[in-house]
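Asks: Residue numbers (my numbering), protein chains in the order written: chain A, 1 to 405; chain B, 406 to 810.
Ideal Cβ placement from N, Cα and C applies to all residues, glycine included.
The structure presented is a predicted model; accordingly, all values stated were derived computationally and were not measured.
1) Does the Cβ-Cβ distance between residue 116(A) and residue 137(A) come in under 9 Å?
2) Looking only at its own chain, which residues have a Cβ that is under 7 Å from the Cβ of residue 203(A), when we skip the five neighbours before and after it?
3) Which class does residue 265(A) belong to by DSSP, given the choice of helix, strand or coil?
4) Is the Cβ of residue 517(B) closer than 9 Å to any Cβ of chain A?
5) Output, in chain order, the set of chain A residues within a Cβ distance shorter than 7 Å of residue 791(B).
6) Could you tell me the distance, in whole angstroms, from the CA atom of residue 390(A) to the CA atom of residue 17(A)?
7) Quick check: the Cα distance between residue 642(B) and residue 578(B), rounded to an integer number of angstroms?
8) Please return the same chain residues whose Cβ sits closer than 8 Å to the Cβ of residue 287(A), not counting the five positions on each side in sequence.
9) Classify residue 70(A) as buried or exposed, calling it buried when 16 or more other Cβ atoms lie within 10 Å of its own Cβ.
10) Roughly how many angstroms lie between the CA atoms of residue 418(B) and residue 549(B), to the nearest whole one?
11) Run the CB neighbour count on residue 413(B), radius 10 Å, all protein chains shown included, and call it buried at 16 or more, exposed below.
12) Exposed or buried, which one is residue 777(B) when buried takes at least 16 other CB atoms within 10 Å?
13) Is it the case that the segment 447-465 of chain B contacts the segment 391-405 of chain A, given that we only count it when at least three CB pairs across the two stretches are under 8 Å?
14) Give the secondary structure of residue 525(B) by DSSP, where H, G and I count as helix, E and B as strand, and everything else as coil.
15) For residue 512(B) and residue 473(B), what's the separation of their Cα atoms in angstroms?
16) In chain order, which beta strand (DSSP E) runs of at least 3 residues are fully inside the segment 533-606 of chain B?
17) Please report the straight-line C-alpha distance between residue 216(A) and residue 245(A), rounded to a whole angstrom.
18) Any Cβ of chain B within less than 9 Å of the Cβ of residue 378(A)?
19) Per DSSP, what kind of secondary structure is residue 251(A) in: helix, strand or coil?
20) Inspect the beta-carbon positions of residue 37(A) and residue 6(A) and report whether they are closer than 9 Å.
21) Within 9 Å (strictly less), CB to CB, does residue 335(A) reach chain E?
22) Between which residues of its own chain and residue 585(B) is the CB-CB distance below 8 Å, once the five residues before and five after are set aside?
23) Does the beta-carbon of residue 736(B) have 16 or more other beta-carbons within 10 angstroms, so that it is buried, or is it exposed?
24) Checking 9 Å against the spacing of the C-beta atoms, do residue 797(B) and residue 276(A) come in under that value?
25) Measure how close the beta-carbons of residue 698(B) and residue 563(B) come, nearest whole angstrom, since I'm counting them as under 8 Å.
26) Can you tell me whether DSSP reads residue 796(B) as helix, strand or coil?
27) Checking 9 Å against the spacing of the C-beta atoms, do residue 424(B) and residue 565(B) come in under that value?
28) What is the rounded straight-line gap between the Cα of residue 532(B) and the Cα of residue 715(B)?
29) Would residue 787(B) pass as an interface residue toward chain A - the criterion being a Cβ-Cβ separation below 9 Å?
30) What would DSSP say about residue 760(B), mapped onto helix, strand or coil?
31) Closer than 9 Å by beta-carbon distance: list the chain A residues that pair up with residue 706(B), in chain order.
32) Taking C-beta pairs closer than 9 Å, name the residues in chain B that residue 160(A) reaches, listed in chain order.
33) Just to confirm my understanding: we take residue 152(A), look at its own chain, exclude 5 residues before and 5 after, and list those with CB closer than 7 Å. What are they?
34) Would DSSP call residue 11(A) helix, strand or coil?
35) Using a beta-carbon distance cut-off of less than 8 Å, what residues from the segment 568-583 of chain B approach chain A?
36) With DSSP run on the structure shown, which of helix, strand or coil describes residue 326(A)?
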């Protein structure tokens with residue numbers, strides 16, 4: 001018999017709690033697993049011995065259904081970067097102490113490429129120290145920028161929100177008789193996956209977005225203004241999708257840097273809005289989809305949520321197969337009908353790496369997404385959950401604040 | 406036999422097309438009504454004799470169902486202010502020419518208080534000129550600031566979006582262990598209805614929004630920072646809802662003025678974000694709900710959409726009862742169960758007037774919404790449409806761009 005622990009890390013998505021449900025459900029089925037601990041605020045909970053007993057908090061199937069439709073991380077999150085253990089193993093010793101004290105034989109870390117760095121380092125440290133604790137990574141990120149895996153849990157729901165909202169913005173922006181430009185800023189620091197996914201509207205007969213700019217291509221303000229003028233000659237209401245991460249002159253990005261050296265970006269939409277106002281002089285608006293694109297569970301993708309749960313479950317099976325230092329990944333084995341299988345890869349293949357849009361997803365002009373990208377994106381946004389409502393609003397699963405303190 | 410015309414005006418909402426369906430369906434039933442014309446871009450379509458035959462565009466019940474779930478104005482909109490006819494009746498003569506040429510006996514104008522100004526002026530002009538054309542106003546606005554009526558079509562869906570999104574933002578903002586402030590900017594130039602409606606979360610056990618600022622109360626930056634500090638002592642993640650229309654120092658509002666003298670507001674959220682960053686120094690984010698709060702039909706309120714259709718239908722009956730210069734209004738006749746009846750009022754009572762939050766909806770401290778406001782808001786956000794999907798996204802009804810040109 002052994003206990004296990006699970007933690008959630010990095011930026012919120014709609015699917016992280018579904019992966020937690022996957023780990024939890026599978027662990028319940030396994031006779032060799034006893035207690036299922038949740039670590040509060042990612043790896044910080046393990047470091048500080050702040051664990052909660054998930055079996056006392058998630059009691060019924062209804063609880064699990066609610067968790068599946070609850071955005072963000074029910075156990076809290078962190079942005080904590082482990083040092084190299086060869087340089088400083090103080091934190092590693094704390095982690096080991098908690099895990100041994102709680103008789104934890106496997107630790108599951110749901111997170112993005114930073115968290116997979118933790119999975120990699122921790123599993124290497126345990127190997128080095130001959131400690132038999134499995135460490136398995138469950139991927140998640142709305143950015144879809146993890147290597148090896150076909151896509152990441154959380155991305156499909158974010159893409160569905162972005163596309164559905166973009167379509168509504170198309171309707172909203174088309175009402176007046178005067179020409180207008182609407183610029184929609186989408187998350188994505190270095191990779192344009194989420195911005196590119198808005199092109200699924202083209203498969204539904206929409207001409208918008210008329211222009212799509214992703215960080216994979218150099219951005220020129222002059223070319224942008226020329227593009228906008230060209231589209232204005234064809235369409236009364238021009239819709240532009242732009243990644244927050246496109247490179248524009250310095251000073252636009254706020255420049256605050258987090259623990260991983262990431263800049264908190266903002267203001268690209270506003271910057272382009274000002275440029276259109278000053279240089280073209282037409283009606284113009286910019287819209288930042290902001291955190292809504294990562295937490296709008298009310299319009300999550302059922303495909304995404306189901307897959308997020310399945311990949312969490314598969315992680316437990318993987319650990320029980322004596323594997324460690326692995327990250328669970330999707331491989332798409334068939335396009336039509338869309339079919340994926342779950343496999344594993346070494347965490348080192350994913351940690352700190354980024355996957356960018358393939359060249360052929362971007363049109364030669366560099367300002368739109370090509371048609372053959374659509375068959376990649378469309379399956380990921382299919383299906384809806386039957387959202388459980390209360391008083392007219394989606395119900396959420398929540399753990400009392402006092403329990404998490 | 407007579408023909409009728411219907412037009413949509415002002416800012417988009419989720420319910421304007423449902424009111425169009427209401428007018429259309431009711432007119433189909435009435436044997437004395439022949440052609441049903443849609444005016445393209447509000448009153449501008451009448452002025453320029455740009456009408457479309459709605460019976461050829463809306464052909465099936467499925468079309469009507471799609472229209473009910475399509476945000477914005479399928480016929481386009483305008484922000485056109487009629488001059489006083491005593492000063493200049495040129496436009497009035499153009500309008501009359503179109504209506505007479507098309508044998509239109511009744512004109513239905515779906516819009517906000519600016520459009521009700523048009524209803525008022527036009528019906529007075531027709532009376533003056535002894536022309537028997539009825540003019541009836543169908544209210545709509547997410548601002549909920551029309552007088553006489555209990556609430557306005559479009560508001561319930563906007564409120565449902567704001568509250569559902571606010572709840573998701575609460576989950577999103579609560580994940581890290583460090584203290585944070587999240588400021589959510591909600592539409593509302595002078596009246597705080599939509600911002601106040603976010604308080605429905607309190608009826609669901611949420612402590613957020615912890616602070617709610619509406620334009621009905623004077624705003625002081627010092628008091629705001631003191632309020633935030635007090636809430637930070639109680640909650641790790643403080644959520645603030647703020648109306649775009651609260652009065653802050655000059656220069657924050659962009660100051661562009663539309664035809665009605667309205668300022669296009671933006672930047673209050675960013676302004677307060679900067680204030681918190683500079684004065685308190687904690688993690689802080691501002692979120693502008695932007696046009697999503699008026700066009701997110703994917704999470705519209707069924708109560709709102711059904712009522713919007715019903716009030717459109719009632720408008721047709723009103724005109725056939727020989728009334729003119731009237732606006733259709735809701736009167737709430739019972740709290741529990743929530744029951745409304747549809748009545749009429751003179752357009753002059755609504756035109757150019759604004760209705761503000763009652764004093765007892767706002768807490769004495771002026772920085773939150775009182776509990777007794779919740780029973781007003783909650784019924785308006787109840788129920789969901791069975792949204793028709795295509796390729797994973799809500800399907801929209803659209804009229805070909807060429808038809809509307």
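Replies: Based on what the coordinates show:
1) yes
2) 374, 378
3) In this predicted model, residue 265(A) has a pLDDT of only 41, less than 50, meaning its place in the structure is not dependable; the value taken from the coordinates is given anyway. Coil.
4) no
5) Per Cβ cutoff of 7 Å: no residues; residue 791(B) is ~10 Å from chain A at best.
6) 20 Å
7) 6 Å
8) 169, 182, 183, 184, 185, 269
9) buried
10) 11 Å
11) buried
12) exposed
13) no
14) helix
15) 21 Å
16) 539-544, 585-591
17) 9 Å
18) yes
19) Its pLDDT being 49, under 50, residue 251(A) is placed unreliably in this model, and the coordinates cannot settle the point.
20) yes
21) The question asks about chain E, but that chain is absent: this structure's protein chains are A and B.
22) 578, 641, 642, 643, 687, 688, 689, 690
23) exposed
24) no
25) 5 Å
26) coil
27) no
28) 27 Å
29) yes
30) coil
31) 392
32) 797, 798
33) 139, 140, 141, 144, 146
34) coil
35) 568, 569, 570, 572, 573, 574, 576, 577, 578, 579, 580, 581, 582
36) strand
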